[in-house]
Amino acid sequence: MQIPKSIRNMEQLQNLAYSLQKLQIVDLPNHALRSKKDLLNHFSSSQQLEICNLQQMRRFLKINIPPEVWEDASNRNLLSFNQELVQGTKKFEYCNEGIQNLHLISFLTNITELDFSENNISDISIISKLKNLIKINLARNIIEDVSALQSLLNLTHFDLSQNKLTSYTLDLPNLVELLLCFNSLQDKSELKHSPKLEILHLSGTQLTDLSTIRQLFCLKNLCLSCNNILDITYISNFVDLQSLELGHNKYLQNIEPLKSCTQLTELIIRKTSVADIWPLQFMKNLKGLFMDNTKVVDLHPLQYLYQLKKIIASESRIMDVSPLSKLTQFYFLGFSDNLITNADTLKHHQNFPEYNFSNQKVPTTDELKFYNKILSVHSSHKQIRTIQNQNRIKKFRTSLTLKKNVILTVFDNYVRKMNIQYDLLVYILTYNCSNTQLQ
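Counting from 28, one number per residue, gives the positions in the sequence shown under the working numbering.
Written as structure tokens, this is what we have:
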């Protein structure tokens, strides 16, 4: 049977279906009723109904129908399915579709993974019937209460980020990953009942006290950014931590407890009040360090962290980068907006794919190298007009952000080393400065 084009909404379709008890196939070619939401809502309430001619829903079907069913349907050049056909599916993904309720999944009794992120769901009680669920993603909805899911004891991964939760009271002992970011949580007491947690994200949850998580000894990935944390004493319990994010806790100063976290490979303390990073000297496995916008001055605790590959420390108070001179694994250094006046010790790092030393009294590695090359090539010339490749100078000067008097001060040392007449250097630099808008 083909749907009459006079039918424009779900109610009319339901009335038609109920009046035809033996209806088994609904054909939807070029029909006005194209909403996946309306279609699947009706599909879930009818045991007999089979839906076909769904070419426009290929992606949705391919994601959610078992591979063997999808392959068979494609070979027959007819995309059709009914409840019996999809009952064996293990994963159901339905994101960013404006869904408000979940009754369309009630027949998927064997499902193990469910993704309804980025919808308008508030009531999730029907999910409690799906006892085989292992992974649930309900991020970015409008959920206020999750207590109905207490019976899902097989859950290992649960994402509830960016909802409207004020409390989390689930006792789920098998959870390995729990994401609760950006919920205004007041009650987090039940977190202690998930001792197997390895990944816990509590960013933006108005967290001030870490006592509720102090017994989660298996944690490997912990995100506590965008809170009001002052005391991180309990983090010393998490000796297996590999990734820790404490950024945007503006009152955090003391990170002494981190000396126990020797397995860390990534640490984020950006936008905090941290000034002393001495506990980092024990993190021999550290590869990534993000500490921009802090009060850090001294980098000596990093001097023997030979695994370090990336440091971002912009907008801080760093003056000396010489402690990094023996570290050769870097692929990125970000030290913009600091107080650095000399980068001689990093000149041997010629292979940085990326670096940033802008807005301070120091030229970058390539700037040093380029000026050295210019001065050495032209040191024997008596007059500036004999200099070749002025286009190269022109191209280079566009990246210059240093004030004129600072440039002259910095490069004065290089002139003496290379035995070049000072007035020649001044001429070169004046040429650059006069043709560039310097800050």
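Note that CB positions come from ideal geometry on N, CA and C, so glycine has one too.
Member of the options whose CA lies at the smallest distance from the CA of residue i
i, options, result
"S144", "T368, F185, A175", "F185"
"S352", "I126, L141, Y333", "Y333"
"L354", "P328, D364, I367, E342", "P328"
"N254", "S155, L229, E140, N168", "L229"
"Q233", "L257, L243, F309", "L257"
"I161", "L129, I295, T183", "T183"
"G125", "D364, T139, I148", "I148"
"E120", "Q127, I163, N137", "I163"
9 Å Cβ cutoff met for residue i and residue j
i, j, result
"L291", "L313", "yes"
"L246", "E225", "yes"
"L273", "S252", "yes"
"L192", "I170", "yes"
"L335", "G315", "yes"
"N383", "S341", "yes"
"K158", "S178", "yes"
"K298", "K311", "no"
"L227", "L249", "yes"
"I153", "L129", "yes"
"D364", "N386", "yes"
"F359", "I345", "no"
Alpha carbon of residue i to alpha carbon of residue j, nearest angstrom
i, j, result
"I282", "N181", "36 Å"
"L176", "I151", "8 Å"
"S349", "K337", "16 Å"
"N320", "E217", "34 Å"
"S270", "D214", "25 Å"
"N146", "R167", "7 Å"
"D267", "K118", "31 Å"
"I132", "N264", "41 Å"
"L207", "T139", "21 Å"
"A302", "V323", "4 Å"
"T239", "L294", "22 Å"
"Y331", "L165", "43 Å"
Segment limits, beta strand (DSSP E) that includes residue i
i, result
"G19", "Limits of the chain in this structure are 28 at one end and 466 at the other, which puts residue 19 out of reach."
"N210", "First-last for N210: undefined, no H or E at that position."
"G361", "359-361"
"H228", "226-228"
Reduced DSSP secondary structure (H/G/I, E/B, other) of residue i
i, result
"K247", "coil"
"S270", "strand"
"N264", "helix"
"K353", "coil"
"I295", "strand"
"E217", "helix"
"S149", "coil"
"D142", "strand"
"D186", "strand"
"K156", "helix"
"D371", "helix"
"F119", "strand"
"K311", "coil"
"P200", "coil"
"I161", "coil"
"S343", "coil"
"I338", "strand"
"L316", "strand"
"S385", "coil"
"S178", "helix"
"S238", "helix"
Residue-chain proximity (residue i, chain D), Cβ-Cβ < 9 Å
i, result
"T289", "This model lacks chain D altogether; it includes just one protein chain."
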